[in-house]
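In the working numbering, the protein residues as written are 5 to 770.
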């Protein structure tokens with residue numbers, strides 16, 4: 005038996021560490037937390053200093069028993085969970101549950117899984133840091149108190165099954181408020197003027213007027229003055245500038261850049277980073293530090309000198325500026341700088357490549373840029389044309405890495421300009437005024453929401469991904485694909501003294517991977533803001549995070565912090581419950597022209613819906629579900645009434661009707677006895693879907709079904725088929741499914757054997 009038992013959270017981490025340690029060490033995994041607050045009831049004894057009641061989850065009992073046995077046999081137990089608060093709490097729970105002897109137990113931490121880091125941590129063991137444990141306990145208990153007390157309020161006031169969370173509800177509030185900004189935004193149009201000019205040596209370039217006209221007539225008036233005007237260069241301004249690289253990645257900047265450059269969701273980025281860390285390829289992925297170790301800086305310098313030359317290298321030491329930074333270790337970087345590729349699959353490799361380039365670029369020389377601005381005279385003395393150009397004199401870090409941006413595509417052109425001087429006459433080839441429209445504030449992406457949360461001090465590196473995953477899972481936020489609508493815009497072009505006008509069309513309002521609040525998300529947010537405004541206050545939420553930081557630093561008592569919170573929070577909950585009035589969450593849209601009855605948009609049992617008539621009427625009200633792309637807040641009476649045209653007969657195929665409708669699980673078409681879901685992301689709408697598209701969907705489903713058939717029994721028993729399923733082959737008889745026992749070949753099974761299996765499983769079910 006090995007003298008030393010080393011416990012980590014994950015099997016992948018255990019496997020990597022095992023490679024570095026000898027036979028004297030046995031490395032085992034706890035598979036994350038082994039115990040948590042009791043789910044039967046509150047799990048916190050409020051009257052006894054908020055004492056938590058922890059239980060070992062049923063799926064961890066076997067692991068706990070195994071670890072107990074191994075711990076008894078070992079001379080020393082090493083607790084090697086992650087080095088943040090969550091990891092410290094895991095070590096503490098292990099020590100408590102396994103009843104580890106403090107004299108025989110060591111806590112070790114490392115922010116990279118390398119041989120030297122592991123060996124160094126074993127040389128420098130410490131005891132469990134109870135301040136970090138208490139900070140994690142405080143967060144867990146506070147979030148349980150908020151969720152446990154606020155969720156039943158939502159069940160009583162709105163509908164059952166809803167839940168609230170201290171950080172999650174604030175994140176939803178950000179999205180709801182942004183959506184309202186967008187709905188209140190009124191777009192205005194203007195005309196942007198761009199000219200194409202030619203210099204004496206025949207080189208053409210673009211320049212933009214430094215004024216935007218608010219009407220078509222003013223733009224036209226300006227273009228009419230262009231004919232006969234001698235354009236000339238008024239000024240040439242040349243400036244040298246430097247551009248510096250971004251610091252290495254923190255958790256939030258990695259999430260943002262992976263979203264912009266690779267299209268990864270925040271959760272996906274963290275899952276991939278976790279795998280890279282556990283395999284020993286990168287340092288710990290939950291950090292708000294931009295610091296690099298001296299060893300890493302030295303390794304990067306060697307890499308740069310050998311690959312690009314000394315002039316590309318510049319030592320930089322970054323310091324963390326983020327408010328309440330809790331992680332004292334390094335930024336996210338490769339563990340071995342000389343390893344340019346790493347990862348178990350294509351996505352891991354892409355993320356590793358991003359981390360490698362960002363890390364190495366952070367230690368590279370500035371880019372040297374020559375910027376040129378050419379100013380051109382116009383018929384209107386108060387306006388000028390400006391051409392902006394950029395020449396990279398020395399690429400520096402740009403040779404390796406350019407940071408992404410969240411900004412919308414810029415209208416500005418930045419290109420090489422001809423060599424001209426003041427007084428040079430220019431020929432105008434074309435001057436064009438194009439109608440553009442002001443844009444509403446952008447909706448949040450997962451990455452830009454993380455950026456906003458970090459700016460406000462809401463959450464910490466370990467909470468961003470789970471927060472976003474939770475609000476999407478709970479149905480408070482979703483990411484629909486908005487197709488966009490055509491919009492006309494005017495283009496006025498002056499060429500050689502002649503003005504042409506035309507109308508062109510563009511698609512506007514198309515959205516993908518943007519966070520939209522759902523109707524239930526809006527309703528819950530409005531209710532919580534009205535009744536629990538302090539809990540949903542951004543400053544309050546950030547202040548709570550700072551108090552957790554103070555607990556982690558030993559500056560604040562966790563029981564006192566929770567008591568102060570609860571003394572204000574609990575009476576508010578009781579006061580809200582006393583008010584018997586239920587939140588209707590409905591909006592009156594107008595009257596139905598056919599019946600004269602009132603039309604409402606409201607939250608129903610299965611989600612947002614339209615209701616015609618009152619429940620108190622003699623005739624029962626009519627109901628229709630909203631489409632995914634529709635909202636209670638914005639739907640019009642006309643759009644609502646159209647929903648009552650469903651179910652709609654689309655046409656016939658092979659003598660059978662195709663009907664389009666909306667059900668509990670979304671829009672679909674019904675054909676024969678089949679129900680085929682429509683794909684709103686592909687533009688499928690039950691109100692407008694064509695017969696041609698419906699037939700395409702039917703044939704696609706039939707093809708899939710045909711490919712899934714392993715065996716048919718023809719006329720002997722047409723009801724019985726052997727099919728491929730998600731979990732392996734199975735028998736279908738009519739609408740019932742039956743498992744095929746192990747060892748039975750689905751391709752050779754006989755009809756009699758099928759009937760025997762069906763009979764035996766039917767009797768068992770009875």
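Just so it is clear, CB atoms sit at the ideal spot from N, CA and C, and this is done for glycine as well.
Beta-carbon proximity check, residue i vs residue j, cutoff 7 Å
i: residue 198; j: residue 220; result: no
i: residue 170; j: residue 150; result: yes
i: residue 142; j: residue 552; result: yes
i: residue 421; j: residue 378; result: yes
i: residue 72; j: residue 104; result: no
i: residue 684; j: residue 632; result: yes
i: residue 117; j: residue 20; result: yes
i: residue 381; j: residue 204; result: no
i: residue 687; j: residue 534; result: no
i: residue 224; j: residue 476; result: no
i: residue 155; j: residue 132; result: no
i: residue 352; j: residue 280; result: yes
i: residue 666; j: residue 629; result: yes
Nearest residue (CA-CA) to residue i, options the options
i: residue 363; options: 585, 335, 7; result: 335
i: residue 228; options: 420, 77, 687, 501; result: 501
i: residue 115; options: 749, 282, 99; result: 282
i: residue 635; options: 698, 601, 646, 605; result: 605
i: residue 732; options: 717, 263, 712; result: 712
i: residue 391; options: 577, 310, 236; result: 236
i: residue 474; options: 173, 107, 536; result: 173
i: residue 638; options: 304, 654, 739, 521; result: 521
i: residue 309; options: 50, 322, 342, 120; result: 342
i: residue 344; options: 320, 304, 324; result: 304
i: residue 262; options: 358, 231, 278, 458; result: 358
i: residue 394; options: 245, 431, 298, 539; result: 245
Chain-order list of residues whose beta-carbon lies under 8 Å from that of residue i (same chain, five-residue window excluded)
i: residue 74; result: 9, 30, 32
i: residue 767; result: none
i: residue 361; result: 404, 405
i: residue 607; result: 162, 163, 523, 524, 527, 589, 590, 613, 636
i: residue 592; result: 602, 603, 604
i: residue 414; result: Residue placement at residue 414 cannot be trusted, given a pLDDT of 47 that sits under 50; the coordinates are not used to answer.
i: residue 717; result: 724, 725, 755, 758
i: residue 660; result: 675, 676
i: residue 187; result: 637, 638
Cutoff 6 Å; reference residue i; Cβ partners in own chain excluding five residues on either side
i: residue 398; result: 372
i: residue 290; result: 88, 255, 465, 466
i: residue 434; result: 200, 499
i: residue 4; result: Since the first residue shown for the chain is 5 and the last is 770, residue 4 is missing from the structure and cannot be characterised.
i: residue 543; result: none
i: residue 578; result: none
Residues that DSSP places opposite residue i in a beta bridge
i: residue 389; result: 213, 380
i: residue 621; result: Note: residue 621 sits in no beta bridge, so no partner.
i: residue 429; result: 236
i: residue 789; result: The structure shown has nothing for residue 789, since the chain only spans 5 to 770.
i: residue 741; result: 736
i: residue 715; result: 726
i: residue 289; result: Residue 289 pairs with nothing; no bridge assigned.
i: residue 340; result: DSSP output for residue 340 lists no bridge partner at all.
i: residue 241; result: 377
i: residue 515; result: 486
i: residue 40; result: 59
i: residue 656; result: 661
Contact test: residue i Cβ vs the ligand MN heavy atom, cutoff 6 Å
i: residue 431; result: Questions concerning the ligand MN fall outside what the structure shown contains, since it holds no ligand whatsoever.
Assumed close pair residue i, residue j - CB separation to whole angstroms, cut-off 8 Å
i: residue 493; j: residue 515; result: Incorrect: roughly 19 Å between the Cβ atoms, too far for contact.
i: residue 195; j: residue 437; result: 4 Å
i: residue 483; j: residue 506; result: Actually they are not in contact, since the Cβ atoms of residue 483 and residue 506 sit about 36 Å apart, beyond 8 Å.
i: residue 240; j: residue 376; result: 7 Å
i: residue 689; j: residue 645; result: Going by Cβ atoms, the distance from residue 689 to residue 645 rounds to 16 Å, so no, they are not a contact pair.
i: residue 274; j: residue 318; result: About 31 Å; that fails the 8 Å criterion.
i: residue 183; j: residue 136; result: That belief does not hold up - the Cβ atoms of residue 183 and residue 136 are roughly 38 Å apart, past 8 Å.
i: residue 226; j: residue 384; result: 6 Å
i: residue 735; j: residue 742; result: 4 Å
Cβ-based neighbour list, residue i, same chain, cut-off 7 Å, excluding 5 preceding and 5 following
i: residue 737; result: 723, 724, 762
i: residue 565; result: 142, 551, 555
i: residue 314; result: none
i: residue 23; result: none
Residue-level contact to chain B via CB, residue i, 7 Å cutoff
i: residue 724; result: Absent here is chain B; the protein component of the structure consists of one chain.
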